[in-house]
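Residue numbers (the numbering used here), protein chains in the order written: chain Z, 1 to 110; chain Y, 1001 to 1115.
Every residue, glycine too, gets a C-beta built ideally from N, C-alpha and C.
All of these numbers come straight from a predicted model, not from anything done at the bench.
Okay, structure coming up:
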């Protein structure tokens, strides 16, 4: 059974203080690892797809990386508007569903 | 362009009642998914449609839950004899096609509360 574990559960940073969020996964045949951002009362918003170990993708202050066992979401010089819950999900080779972790709740303090 | 639209945004009903939740996917998207999200948890898969047919309904918790997509676009999730444990946010997502790495785009969900 696919498993996704995210850490930490919550993270508070000062504005401009860089850090990383972790997503550890176990999946039978990875077809894609996804990062989403979710604001309160909203649905998840797609950020990145990573397909294979060694791959990296960037968008503004965010960079996602992938190894065979985990993915990191690096946030550089964050701003208050980056505050949200960040969700990681995996897509395996046997079906079309996404299996999500429980998310990291990120708060950026001005 | 327009994103995934879900109605109603909130639904409050009594235990034992029947509810219908509607999802309008992004135009042209052939794949449609329903998920359920409880407080503090990630979304949990319920059912997946490719076109009009339910290709995978393995996440539906029991036979009180049913979903349809009769014309391959709008989908309705139906819950019979609701229970308090059904309270959650029900999310709908669509993707252009199914297949490796296709991102699923989510609506803002229906918050269902069973009293």
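C-beta neighbour in chain Z for residue i, strict 8 angstroms
{"i": "residue 1048 of chain Y", "result": "yes"}
{"i": "residue 1066 of chain Y", "result": "no"}
{"i": "residue 1053 of chain Y", "result": "no"}
{"i": "residue 1100 of chain Y", "result": "yes"}
{"i": "residue 1091 of chain Y", "result": "yes"}
{"i": "residue 1108 of chain Y", "result": "yes"}
{"i": "residue 1080 of chain Y", "result": "no"}
Residue i, DSSP secondary structure in three states
{"i": "residue 1069 of chain Y", "result": "coil"}
Interface flag, residue i vs chain Y, CB-CB below 8 angstroms
{"i": "residue 96 of chain Z", "result": "yes"}
{"i": "residue 40 of chain Z", "result": "no"}
{"i": "residue 44 of chain Z", "result": "yes"}
Residue i, enclosing beta strand (DSSP E) - first and last residue
{"i": "residue 106 of chain Z", "result": "104-109"}
{"i": "residue 1026 of chain Y", "result": "Neither: residue 1026 of chain Y is in no beta strand (DSSP E) and is coded neither H nor E."}
{"i": "residue 1012 of chain Y", "result": "1010-1013"}
{"i": "residue 90 of chain Z", "result": "84-92"}
{"i": "residue 1055 of chain Y", "result": "1053-1056"}
{"i": "residue 95 of chain Z", "result": "Per DSSP, residue 95 of chain Z belongs to no beta strand (DSSP E) and is neither H nor E."}
CB-CB length for residue i against residue j, believed under 8 angstroms
{"i": "residue 1118 of chain Y", "j": "residue 1005 of chain Y", "result": "The requested residue 1118 of chain Y is not part of the displayed model; chain Y covers only 1001 to 1115."}
{"i": "residue 22 of chain Z", "j": "residue 72 of chain Z", "result": "6 angstroms"}
Decide if the region 1030-1046 of chain Y is in contact with the region 1058-1068 of chain Y; the criterion is three or more beta carbon pairs, one per stretch, under 8 angstroms apart. yes
I want to know whether the region 1073-1083 of chain Y touches the region 1019-1034 of chain Y - three or more CB-CB distances under 8 angstroms. yes
Taking three-plus beta-carbon pairs below 8 angstroms as touching, is the region 75-87 of chain Z in contact with the region 30-40 of chain Z? yes
Using 8 angstroms as the cut-off, can you tell me whether the region 1089-1101 of chain Y makes contact with the region 1011-1031 of chain Y, which would need three or more C-beta pairs spanning the two stretches below that distance? yes
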